[in-house]
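One structure below.
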Ligand SMILES: [Zn+2]
């Protein structure tokens, strides 16, 4: 039996849910005046220092950035390089969806 949901192990999806929750999603959004921002979602603020990570990414990409509701937004499109930079920062490649 799973101690979290009380279901037998073969029916339990808690572990998958936890993994899903840890998934980091990198995407590019277009804001007003067609400005592109790179958005990093799915970061767990209790595990990751978002302030520190944002500062790191801002200097790495030489751009501005903010944190809104535990989502990091960086000015410009950094989608191509983001995954490698996050991996260098200690995230596992399987965790990151670009
Ligand atoms: Zn469970």
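In the numbering used here, the protein residues as written are 3 to 100. Ideal placement from N, C-alpha and C gives every residue a C-beta, glycine not left out. Small disclaimer: the values here were computed from a predicted structure and weren't measured.
Nearest-angstrom Cβ-Cβ length linking residue i and residue j, presumed shorter than 8 angstroms
i: residue 60; j: residue 41; result: That belief does not hold up - the Cβ atoms of residue 60 and residue 41 are roughly 14 angstroms apart, past 8 angstroms.
i: residue 98; j: residue 50; result: So it is not a contact: roughly 13 angstroms between Cβ atoms.
i: residue 91; j: residue 58; result: 7 angstroms
N- and C-terminal bounds of the alpha helix (DSSP H) containing residue i
i: residue 97; result: Run containing residue 97: none; DSSP gives neither H nor E here.
i: residue 83; result: 81-90
i: residue 54; result: 52-63
Whether residue i touches residue j by CB criterion (8 angstroms)
i: residue 67; j: residue 38; result: no
i: residue 72; j: residue 45; result: yes
i: residue 87; j: residue 62; result: yes
i: residue 52; j: residue 65; result: no
Residue range of the beta strand (DSSP E) that includes residue i
i: residue 13; result: Per DSSP, residue 13 belongs to no beta strand (DSSP E) and is neither H nor E.
i: residue 34; result: Looking at the DSSP string, residue 34 is not in any beta strand (DSSP E), and its letter there is neither H nor E.
Three-state class that DSSP yields for residue i in the structure shown
i: residue 6; result: coil
i: residue 43; result: strand
i: residue 18; result: helix
For review: beta carbons within less than 6 angstroms of any heavy atom in ligand 1: 4, 6, 7, 9, 14 and 16
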